[in-house]
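Worksheet: the structure to be examined is printed underneath.
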Amino acid sequence: MGTDYEKLLEKAYAELPSKETNGNGAGKGRFEVPKVKTHAQGNKTVIDNFYEIAKTIGRDPEQFVKRFLKILGTPGDITKSALILGRIISEETINEKLNDYVKRFVLCSSCGKPDTQITIEHKLDVMKCYACGTKKVIWLFILLKNCNKSFINKHQ
Ligand SMILES: [Zn+2]
């Protein structure tokens, strides 16, 4: 599907000075997953810095929330300033799940850098890394998580 625009974009990203992340992403300038700040509202949990997190991990809030709620296993609503989860969940658990999300949907599995973007190609979610050029279909992740091994083997 590579359009000229995409190629230009890739080239532009490739030429950006890398933010001291040399050496398999293990350098000191490593990307850090932000920590959530929450407060309880009745029997719900409000993530106060939701938009800040979305920005830090470079994800569109709508796109981020869709998968994040699935990982959390709870319904939720985005307001203008926060994400409200449908039940009480501890900060610790949310941070854990956020780490999970970032590992699956933000960090490149090849180079470990967060310079990725998710686009839809042929109805599949494709994660593309602008640091190393890796492209990977990611739609199966959620599914795989909820399935047993035999299902996975059958579908590999
Ligand atoms: Zn990469």
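The sequence shown begins at 174 in this note's numbering and counts up one residue at a time. Ideal placement from N, C-alpha and C gives every residue a C-beta, glycine not left out.
#1: Enumerate in chain order the residues of its own chain whose CB-to-CB distance from residue 308 is below 8 angstroms, with the five nearest sequence positions on each side excluded.
#2: Specify, as a first and last residue, the run of the alpha helix (DSSP H) that residue 264 falls within.
#3: Listed in chain order, which residues are found with a beta carbon closer than 6 angstroms to a heavy atom of ligand 1?
#4: Hey, would you say residue 171 sits closer than 7 angstroms to residue 257, going by beta carbons?
#5: So what does DSSP say about residue 213, is it helix, strand or coil?
#6: Beta-carbon within less than 7 angstroms of residue 372's beta-carbon, same chain only, minus the 5 sequence neighbours each way: which residues are those?
#7: Taking residue 266 as the reference, which of 216, 179, 180, 208 has the closest Cα?
#8: What residues match up with residue 298 in a beta bridge as DSSP calls it?
#9: Once the 5 residues before and after residue 178 are set aside, which same chain residues still bring their CB inside 8 angstroms of it?
#10: Note down, in chain order, each residue of its chain lying with its Cβ closer than 6 angstroms to the Cβ of residue 310, except the 5 sequence neighbours on either side.
#11: Per DSSP, which residues does residue 219 bridge with? Please list them.
Let me lay it out:
#1: So the qualifying residues of the chain are 299, 300, 301, 302.
#2: Annotation: the continuous alpha helix (DSSP H) that includes residue 264 extends over 264-278.
#3: Counting every residue whose Cβ lies closer than 6 angstroms to a heavy atom of ligand 1, we get 281, 283, 284, 286, 302, 304, 305, 307.
#4: Any answer about residue 171 is impossible in this case: the structure gives the chain only from 174 up to 329.
#5: Strand, per DSSP.
#6: With the chain running from 174 to 329 in the structure shown, residue 372 is simply not present.
#7: Sorting 216, 179, 180, 208 by C-alpha distance to the C-alpha of residue 266 places 208 at the top.
#8: For residue 298, which the question treats as bridged, DSSP gives the partners 293.
#9: Counting only Cβ-Cβ distances below 8 angstroms, and skipping sequence neighbours, we find nothing.
#10: 297, 299, listed in sequence order.
#11: According to DSSP, which records beta bridges pairwise, residue 219 is partnered with 212, 257.
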